[in-house]
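A short write-up of the structure that comes next.
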Amino acid sequence: MKRPTWTINWVDEMSVGIPEIDNDHKHFVFLIHELNRSITELREPSEIKLRLQVIVNDAVRHFSVEERLFKEWKYPNTEAHENIHTLVLGSLNSMMNDFVPYGHDSSWIDIGLRIKTILMHHIMVDDMVYAEFYRNSLKTKPVSKEDSVSEAALLEMVKS
Ligand SMILES: [Fe+2]
Numbered sequence: 017m018k019r020p021t022w023t024i025n026w027v028d029e030m031s032v033g034i035p036e037i038d039n040d041h042k043h044f045v046f047l048i049h050e051l052n053r054s055i056t057e058l059r060e061p062s063e064i065k066l067r068l069q070v071i072v073n074d075a076v077r078h079f080s081v082e083e084r085l086f087k088e089w090k091y092p093n094t095e096a097h098e099n100i101h102t103l104v105l106g107s108l109n110s111m112m113n114d115f116v117p118y119g120h121d122s123s124w125i126d127i128g129l130r131i132k133t134i135l136m137h138h139i140m141v142d143d144m145v146y147a148e149f150y151r152n153s154l155k156t157k158p159v160s161k162e163d164s165v166s167e168a169a170l171l172e173m174v175k176s
């Protein structure tokens, strides 16, 4: 049976307008793409688990970068955003801890989709909140509605 497939690529709607963070986010998109490729190409469970671990490790590093920037910016929603990071890492870690070499295609597809959905939602919804703060307070440039991520763009990225 052919496995259902999806792809993910960086689009400009994902940009928070901060090159250091955008570069990390582009790397996340690449890692998710590679994880999905391992799943759809029926690679060994050990390779898939390694790719999951790379994503978790990179999320830990990247979230600490964001949190350092929040302190520099005196970002008022720091605590709320850090709590979201804790939840995201909890979800990723529980996927790692529950990892078993699934025998059913649907389970593999499900884990790839869950990771894609969690991280893309974080980039395109949660991170856009501090992006707006950054633009407003540090660039003193008002954010127009057109600058915000569109719901259609978000749906495009998370749909399977
Ligand atoms: Fe974040």
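Residues 17 to 176, numbered by my numbering, are exactly what the sequence shown covers, in order. We put the CB at the ideal spot given by N, CA and C, even for glycine.
Alpha-carbon spacing of residue i relative to residue j, whole angstroms
i, j, result
"Trp124", "Ser153", "43 angstroms"
"Phe79", "Asp40", "10 angstroms"
"Ser110", "Glu57", "24 angstroms"
"Asn25", "Phe46", "8 angstroms"
"Ile139", "Gly106", "17 angstroms"
"Ile134", "Arg67", "16 angstroms"
"His97", "Ile127", "24 angstroms"
"Glu29", "Thr102", "25 angstroms"
"Arg59", "Val70", "16 angstroms"
"Leu108", "Arg53", "18 angstroms"
"Arg84", "Tyr91", "10 angstroms"
"Arg130", "Leu51", "12 angstroms"
"Val104", "Phe44", "14 angstroms"
"Ile34", "Asp74", "18 angstroms"
"Asp114", "Pro61", "13 angstroms"
Cβ-Cβ separation, residue j to residue i (assumed contact under 8 angstroms), whole Å
i, j, result
"Met112", "Val72", "6 angstroms"
"Asp142", "Val32", "In fact, because the Cβ distance is near 10 angstroms, the residues do not count as touching under 8 angstroms."
"Asn99", "Tyr146", "No, Asn99 and Tyr146 are not in contact; Cβ-Cβ is about 14 angstroms, not under 8 angstroms."
Cβ-based burial, residue i [other Cβ within 10 Å; buried from 16]
i, result
"Glu95", "exposed"
Candidates the options: closest to residue i by CA position
i, options, result
"Met136", "Glu98, Lys42, Glu36", "Lys42"
"Val6", "Asn52, Glu29, Leu103, Glu63", "No information on residue 6 is available, as it lies outside the stretch 17 to 176 that the chain covers here."
"Lys132", "Glu60, Asp74, His49", "His49"
"Asp38", "Asp114, Val81, Arg130", "Val81"
"Tyr150", "Glu36, Val27, Trp89, Phe44", "Trp89"
"Trp22", "Pro35, Phe44, Ile55, Glu36", "Ile55"
"Glu148", "Phe86, Phe44, Val27", "Phe86"
heavy atom of ligand 2 below 8 angstroms from residue i C-beta
i, result
"Ile100", "As far as ligands go, the structure on display features ligand 1 and does not contain ligand 2."
Which residues have their C-beta within less than 5 angstroms of a heavy atom of ligand 1, listed in chain order? Every residue whose Cβ sits closer than 5 angstroms to any heavy atom of ligand 1 is listed here in chain order: Glu82, Asp143.
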